[in-house]
Amino acid sequence: MFTDEYFMKEALKEATIAFKKDEVPVGAVVVASEKIIARAHNLTDTLNDATAHAEMLAITSAENYISGKYLNDCTLYVSLEPCVMCAGAMNWCQLGRLVYAAFDPKRGYRTVQPSVLHAVTKVKSGILEEESSSLLKEFFKNIRYSS
């Protein structure tokens with residue numbers, strides 16, 4: 000049986016891909032029946048699209064995979080607490096479970112609109128938080144020093 004840590008490591012692999020592309024290092028995977036059905040990482044700069052967050056891309060990919068718009072039997076693992084836009088998308092797709100690593104005290108949905116998730120969505124946080132936070136800190140430190 001796979002664990003939350005296993006799937007979060009897969010989300011962190013996606014975050015590392017984003018990091019290497021000079022994107023904010025956030026990665027996500029969607030899991031159904033212990034199988035990864037979607038993977039994504041931030042592509043906002045690559046696509047010149049402010050909505051191309053890892054979660055949004057993973058949700059779209061998962062919905063295409065299952066040929067439906069509801070992900071109530073799925074878990075989304077993401078390396079950073081979702082913003083309110085992404086949490087709103089999770090509401091619309093009726094996501095069954097959200098697991099995230101690092102907290103986002105500035106832009107995380109809990110700070111902006113804590114009740115935005117669908118009533119059925121279960122939430123777990125802090126899984127591999129240190130690893131995710133380290134990657135984010137390194138990314139933003141590199142940006143400060145390259146400016």
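Taking numbering that gives the first Met the number 0, the leading residue of the sequence shown gets 0, the next gets one more, and so forth.
Positions of the beta carbon are idealized from the N, C-alpha and C atoms, including for glycine.
What you are looking at is a predicted structure, and each value in this text was computed from that prediction instead of being measured.
Query: Per-residue burial, residue 96 [other beta carbons within 10 Å of its own, 16 or more giving buried]; Result: buried
Query: Three CB pairs or more closer than 8 angstroms across the stretch 81–92 and the stretch 33–40; Result: no
Query: 4 or more residues per run - each alpha helix (DSSP H) lying fully within the stretch 88–113; Result: 108–111
Query: Pairwise C-alpha distance: residue 59 and residue 102; Result: 23 angstroms
Query: C-beta atoms of residue 78 and residue 99 nearer than 9 angstroms; Result: yes
Query: Residue closest to residue 2, alpha-carbon to alpha-carbon, out of 135, 94, 76; Result: 76
Query: Test item: CB-CB of residue 134 and residue 24 under 9 angstroms; Result: yes
Query: Spatial neighbours of residue 44 in its chain, beta-carbon cut-off 6 angstroms, leaving aside the 5 residues before and after; Result: 22
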